[in-house]
Amino acid sequence: MNRAGSSKVVQHNQSSMLLSDQDREFQQREPTLYTVKGMAILDNDGNRILAKYYDKNVFPTSKEQKTFEKNLFNKTHRANAEIIMLDGLTCVYRSNVDLFFYVMGSSHENELILMSVLNCLYDSVSQILRKNVEKKAVLDSLDIVMLAMDEICDGGIILDADASSVVQRVALRTDDIPLGEQTVAQVLQSAKEQLKWSLLK
Amino acid sequence: MNAFKRDKKEEEDGGGNPFQNLEKTTVLQEARTFNDTPLNPRKCAHILTKILYLLNQGEQLGTMEATEAFFAMTKLFQSKDVVLRRLVYLGIKELSSLAEDVIIVTSSLTKDMTGKEDLYRAAAIRALCTITDGGMLAAIERYMKQAIVDRSPAVSSAALVSSLHLTNVSGDVARRWANEAQEALNSNNVMVQYHALGVLYQARKADKHAVIKLVAKLMRTSPKSPYAACMLIRMACKLLDEVDKGEELLGFIESCLRHKSEMVVYEAAHALINLGRSCTKEITPAISVLQLFCGSQKPALRFAAVRTLNKVAMSHPTAVTACNLDLENLITDSNRSIATLAITTLLKTGAESSVDRLMKQIATFVSEISDEFKVVVVQAIRALCQKYPRKHAVLMNFLSAMLRDEGGLEYKAAIADTIIAVMEVNAEAKEAGLAHLCEFIEDCEHNSLAVRILHLLGQEGPTSKQPSRYIRFIYNRVILESASVRAAAVTALARFAAACPPLLPNVLVLLSRCQLDSDDEVRDRAAYYCAILQQQNEPTILPLVQPPLLSVPSLERALRNYMQTPMDEPFDISQIPPAQTVEEPTQVEVHTTVKQQPRLTREESFMEKLSQIPHLTMIIRDSSLLKSSPVFELTESETEYNVKCIKHTFTEFLILQFDCVNTLSDQLLEDVRVAVEPPEGYTIVCEVPCPRLPYNELGTTYTVLRYPEDVHASVATIPTTLRFMARDCDPATGVPDADQGYNDEYMLEDLEITLADQVRGIGNRGVDFNAAWEAAGAKGFVKLEETFALGSSVTSLEGAIQSLTGFLSLDAVERTNRVQSGAAAHNLLLSGIFRGGKEVLARARLALSDNQVTMQLTVLCQDPDVAELIISSVG
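Here it is in structure tokens:
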């Protein structure tokens with residue numbers, strides 16, 4: 001009955017539990033695409049707006065996740081210092097008005113790769129919200145922001161790190177974006193459509 | 001008015017948050033709207049968003065709830081609204097692990113994935129793969145292969161990434177789809193290239209040559225995507241770890257230092273430094289790149305650079321010296337992590353003169369950084385103390401200030417460890433260190449740490465200049481702390497009393513008060529110590545106050561054997577090996593390593609193994625294993641047969657354990673034994689052959705010898721031969737071809753039985769060596785003395801100590817294996833037991849002149865022959 005989804009998760013859990021610390025250390029050296037351990041958007045009280053964790057070994061329960069987020073927020077909300085190491089993770093962050101964006105990776109990860117993911121997350125949200133990056137706007141377009149996070153990182157693998165291509169993929173109607181922030185392809189596409197319609201008329 | 005205020009407050013709190021105070025049940029009720037016809041896409045999207053939001057907030061759904069929500073959601077496939085459809089995919093992914101029968105949506109998703117709408121296809125593939133199990137894989141395989149080579153980069157990426165996730169379901173997915181991935185590697189899209197590389201690596205990682213080919217090919221063209229370049233660098237590093245020659249790979253990584261993307265440049269620099277085998281020539285270009293990054297505007301880049309430099313500074317401090325100026329600028333960085341790393345790096349590379357200034361700098365912000373970095377600082381200070389022993393006063397003060405600050409157990413333990421380490425290395429620092437620790441336990445909320453420090457005080461305090469001053473600190477603990485700390489304090493007090501007779505009467509008063517304690521353990525200890533201390537007043541009672549850490553399983557076995565004897569003689573506790581203390585690896589990283597579990601000593605595990613062999617149990621039943629030697633190879637590696645030997649010494653017997661491996665796949669060996677020619681005096685007691693030795697499996701055979709009566713004859717060389725019956729067999733199945741085998745033999749190297757095999761060192765039993773030395777004379781031990789000039793291979797006192805302890809296998813006691821730096825003479829004190837429980841004490845006076853070490857060795861032993869043997873084997 002329950003085979004389809006959950007059995008897979010159980011298998012995965014077991015295999016990860018069997019790993020000793022040494023194995024994990026070894027795995028960290030193994031080249032892999034699984035780069036991102038988690039992404040989060042918190043508000044200015046440190047409460048979660050959206051958060052995703054991709055590694056079953058890193059904060060498996062939602063309680064642990066929230067404790068970590070509180071901790072992270074306390075360490076980062078005053079100093080805008082962009083990067084911190086916490087609980088064995090490298091966390092890069094960025095804030096605006098009442099929002100805090102975080103991307104977490106293992107302590108061995110290339111900090112600049114994480115930074116590029118963070119920038120992509122921030123810029124995508126900024127484009128979706130038309131530069132109006134604040135909590136209320138995020139909540140109003142929560143569905144699109146969720147889709148954007150899903151398009152940036154899939155299960156820990158960076159899917160896309162280019163903000164405009166992410167925005168393009170999250171099904172935001174093209175005419176919603178101001179002209180200046182569309183890609184050339186988008187502009188051409190919309191120009192073509194308009195031409196087509198004018199011909200039909 | 002009040003109402004208005006409340007409204008206003010609510011508005012501020014909620015900020016018009018439509019998702020606040022959502023009820024799980026209400027939202028799930030609302031999901032019924034999904035069944036309406038016609039659908040209202042806006043409304044449904046909003047409800048679905050609410051469900052996703054709840055899941056994201058960590059709300060738990062039961063299987064029933066999840067399944068209901070899932071099935072309601074499948075109705076939404078009717079709508080053509082793009083955003084709604086995409087949210088459905090998201091919902092499928094979230095619920096796939098919670099709900100039952102999720103495979104019901106397979107056909108809908110397959111349709112979307114092969115349809116025309118590009119915005120659906122990529123996301124549908126990713127959703128489909130989360131609900132796919134091993135059985136369904138074959139059904140979607142064709143579509144996935146097509147998707148990987150699709151023209152749309154989004155679709156191709158989605159398919160590649162999903163195939164990596166699917167490796168958890170079926171291990172060989174990546175390999176089956178490698179051809180398609182190979183094609184995708186040529187894509188113009190940077191992300192597709194990156195993902196294809198990941199899949200190809202996954203497919204080929206088991207085959208080293210395939211990886212080498214892949215890397216070599218990509219190295220020439222150098223991928224456009226910076227992510228792919230980083231991945232390629234990591235692959236190259238992995239190969240460099242495995243293969244011997246890698247000039248090309250190294251050249252490639254170095255060329256990446258000139259890549260136009262900073263990400264790749266940093267990855268390459270990081271890789272060069274972490275290669276492990278790098279020599280200074282290789283890391284210099286990497287360091288100059290990092291030096292540039294130190295001046296970057298971006299905090300993340302500065303952080304990355306400084307963190308990596310910090311790591312190099314441990315292994316190649318001189319190479320980092322060039323960056324000192326840049327690092328100095330980072331001390332005042334607004335990011336405290338960067339500042340801390342910069343300072344600790346400078347501490348590692350800097351000169352002695354700059355220590356004071358840097359310490360002052362750290363003190364200004366140490367309270368602002370996280371515990372993890374504080375531990376880094378403490379470790380840097382520890383390294384510094386070893387480098388500049390003269391600076392211990394400044395550093396100790398700093399450490400004690402840090403001890404007073406707030407901090408977690410790990411951090412405090414790191415500081416206490418450092419203080420203890422400094423005290424061990426530097427005798428001058430001992431008094432100050434003990435004083436700091438005393439002060440610390442006055443206000444220490446961590447029981448485990450307080451107990452450790454009390455133990456240390458009990459050990460070190462009595463030998464300090466003024467033992468009485470510590471009594472007050474310790475007794476305060478008895479009054480104020482929890483039971484475990486009180487018990488530890490009582491033990492510490494007893495040690496003072498045992499080691500310093502002048503303090504005895506006072507301590508007895510204190511201990512008698514402790515007998516009224518509310519805790520059983522504390523009372524027991526106090527009563528025990530009072531009883532012992534009142535009876536006698538000699539230093540020899542110290543072992544009773546401070547029982548040596550014996551290995552419990554061995555003690556149990558020895559006592560059981562003793563029960564079977566008539567018990568005429570007193571039980572000899574010196575036979576019992578001490579418990580094995582595991583040396584903790586020195587931590588070099590920011591992480592904490594999990595401490596190893598206490599385990600059986602090597603001897604004990606061998607004893608377990610030997611007593612399971614029927615022929616041997618009879619022989620070893622009544623005696624305990626004194627010592628197992630290290631493993632000796634009796635063959636070269638890479639020969640037809642591999643034989644290794646371990647010598648187990650018992651009181652009268654020597655058990656030779658031969659571990660044999662047959663490396664010929666077309667041979668099956670039977671009745672394998674190692675024939676030894678017993679030298680004069682030895683007799684063979686029995687042999688335990690190995691009945692079958694198939695290809696590449698470990699087989700063990702034993703030979704038991706009886707030691708000669710005359711100990712002088714026990715040091716000998718034994719010629720050995722491997723004898724066996726060989727049968728040819730089929731390499732594939734291992735089934736022998738012929739019924740009849742043939743006898744054969746194979747010459748092995750000679751086996752040496754040395755003095756070290758028969759002696760076990762016992763260090764740190766808490767016995768005062770000088771007292772034992774005096775007492776030994778009184779007990780009628782034989783004393784032999786001789787002077788030697790050590791050979792030209794030994795040019796330092798440390799070298800002499802090392803070779804002497806290795807050769808005699810006696811343990812150095814009272815930390816006499818540490819030589820004061822620059823000293824020209826040293827007194828080495830050694831102790832151990834010879835088989836049969838014969839205690840051996842030795843004192844070596846070493847003198848160094850013109851790179852020549854002269855040694856006067858004095859040996860005390862109850863058996864004159866053993867003493868003679870030791871002296872003669874040194875000569």
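In order, the protein sequence lines correspond to chains A and B.
Sequential numbering from 1 applies to the first sequence in full-length UniProt numbering.
Sequential numbering from 1 applies to the second sequence in full-length UniProt numbering.
Glycine is no exception: its CB is placed at the ideal position from the N, C-alpha and C atoms.
Just verifying my parser: in three-state terms, what is the DSSP assignment at residue 691/B?
Taken through DSSP and simplified to helix, strand or coil, residue 691/B comes out as strand.
Taking the beta strand (DSSP E) that residue 529/B belongs to, which residues open and close that run?
Segment 520-535 is the alpha helix (DSSP H) holding residue 529/B; no beta strand (DSSP E) there.
In whole angstroms, what separates the C-alpha of residue 224/B from that of residue 730/B?
Looking at the two C-alpha atoms, the distance is approximately 51 Å.
Am I right that residue 503/B and residue 497/B are in contact with their C-beta atoms under 8 Å? What's the rounded C-beta distance?
Cβ-Cβ separation between residue 503/B and residue 497/B: approximately 6 Å, consistent with a contact (criterion under 8 Å).
Beta-carbon within less than 6 Å of residue 70/A's beta-carbon, same chain only, minus the 5 sequence neighbours each way: which residues are those?
Taking C-beta separations shorter than 6 Å and ignoring five residues to either side along the sequence, the partners of residue 70/A in its chain run 46, following chain order.
Same chain only: Cβ atoms within 8 Å of residue 102/B, ignoring 5 sequence neighbours per side:
In chain order, 70, 92, 95, 96 and 131 place their CB closer than 8 Å to the CB of residue 102/B, counting only its own chain and leaving out the 5 sequence neighbours on each side.
Own chain, CB closer than 7 Å to residue 320/B, minus 5 neighbours either side, in chain order
If we look at residue 320/B and ignore the five residues flanking it on each side, its Cβ neighbours are 287, 309, 312, 313, 345 and 349.
What's the C-alpha gap between residue 528/B and residue 513/B?
In a straight line, the C-alpha of residue 528/B is about 13 Å away from that of residue 513/B.
Please state if the CB of residue 759/B and the CB of residue 834/B are separated by a distance shorter than 8 Å.
One thing to note: residue 834/B has its Cβ within 8 Å of the Cβ of residue 759/B.
Beta-carbon separation of residue 253/B and residue 303/B under 8 Å?
Going by C-beta atoms, residue 253/B is not nearer than 8 Å to residue 303/B.
Have a look at residue 874/B and residue 798/B and give me their C-alpha separation to the nearest angstrom.
The alpha-carbon of residue 874/B is positioned some 17 Å away from that of residue 798/B.
Could you tell me whether any Cβ in chain A is nearer than 8 Å to the Cβ of residue 299/B?
Answer yes: the Cβ-Cβ gap between residue 299/B and chain A drops below 8 Å somewhere.
With a threshold of 8 Å between beta-carbons, can residue 194/A be considered close to chain B, or not?
Not one chain B Cβ lies under 8 Å of residue 194/A.
DSSP-derived helix/strand/coil call for residue 141/B:
Note: residue 141/B maps to helix in three-state DSSP.
Got a sec: is the Cβ-Cβ distance from residue 94/A to anything in chain B below 8 Å?
In terms of beta-carbon proximity, residue 94/A stays away from the interface with chain B, with every pair separated by 8 Å or more.
Does the beta carbon of residue 85/A sit closer than 8 Å to a beta carbon anywhere in chain B?
Answer yes: the Cβ-Cβ gap between residue 85/A and chain B drops below 8 Å somewhere.
Three or more beta-carbon pairs under 8 Å between the segment 663-675 of chain B and the segment 602-619 of chain B, yes or no?
With the cut-off at 8 Å, the segment 663-675 of chain B and the segment 602-619 of chain B do not touch.
Enclosing beta strand (DSSP E) for residue 78/A [first to last residue]
Per DSSP, residue 78/A lies in no beta strand (DSSP E) segment and is marked neither H nor E.
What does residue 791/B reach in chain A if we use C-beta pairs closer than 8 Å?
Per Cβ cutoff of 8 Å: no residues; residue 791/B is ~41 Å from chain A at best.
With 16 other CB atoms within 10 Å as the buried threshold, where does residue 145/A fall?
By the C-beta density criterion, residue 145/A is buried, having at least 16 other C-beta atoms within 10 angstroms.
Which of the residues in the segment 31-61 of chain B, read from start to end, lie with their CB under 7 Å from any CB of chain A?
Residues of the segment 31-61 of chain B whose Cβ lies closer than 7 Å to any Cβ of chain A, in chain order: 45, 49, 52, 53, 56, 57 and 58.
Identity of the residues DSSP links to residue 744/B by a beta bridge:
According to DSSP, residue 744/B bridges with 724/B.
Alpha carbon of residue 16/A to alpha carbon of residue 852/B, nearest angstrom:
Any reading at residue 16/A must be qualified, since the residue scores a pLDDT of 36, below 50, and its modelled position is unreliable; the value itself is stated next. About 57 Å.
Which of the residues in the segment 228-262 of chain B, read from start to end, lie with their CB under 7 Å from any CB of chain A?
Cβ contacts with chain A come from 230, 231, 234, 235, 238 and 262.
Under the three-state reduction of DSSP, which class applies to residue 41/A: helix, strand or coil?
Correct three-state label for residue 41/A: strand.
Cα-Cα separation between residue 3/A and residue 100/B, rounded to whole angstroms:
Any answer about residue 3/A is weak, because its pLDDT of 39 lies below 50 and its placement is not dependable; what the coordinates show is given next. Computed Cα separation, rounded: 8 Å.
Same chain, Cβ closer than 7 Å to residue 588/B, five either side skipped, listed in chain order:
Below a pLDDT of 50, predicted positions are generally treated as unreliable, and residue 588/B, at 36, falls in that range; the measurement from the model is reported next regardless. Shown here for residue 588/B: same chain residues with a beta carbon closer than 7 Å to its own, the five before and five after excluded, namely 314 in chain order.
In three-state terms, what does DSSP make of residue 224/B?
Coil at residue 224/B, not helix or strand.
Kindly identify the DSSP beta-bridge partner or partners of residue 103/A.
Residue pairing by DSSP places residue 103/A opposite 39/A and 92/A in a beta bridge.
Less than 8 Å separating the beta-carbons of residue 215/B and residue 240/B?
Taking 8 Å as the Cβ cut-off, residue 215/B and residue 240/B do not qualify as a contacting pair.
Residues sharing a beta bridge with residue 672/B, DSSP:
By DSSP's assignment, residue 672/B forms a beta bridge with 690/B.
Give me the chain A residues within the contact set of residue 372/B, using Cβ-Cβ distance strictly less than 9 Å, ordered along the chain.
Under the 9 Å cutoff, chain A gives 85, 86, 87 and 88.
Is residue 5/A helix, strand or coil by DSSP?
For residue 5/A, the pLDDT reaches just 38, beneath the cut-off of 50, and the residue's location in the model is therefore unreliable, leaving the point undetermined.
Distance, residue 114/A Cα to residue 300/B Cα:
Separation of residue 300/B and residue 114/A (C-alpha to C-alpha, rounded to the nearest whole angstrom) is 9 Å.
Using the DSSP secondary-structure output, state which residues sit across from residue 829/B in a beta bridge.
843/B.
Report the three-state DSSP secondary structure of residue 336/B (helix, strand or coil).
Here residue 336/B carries a helix assignment [DSSP, helix/strand/coil].
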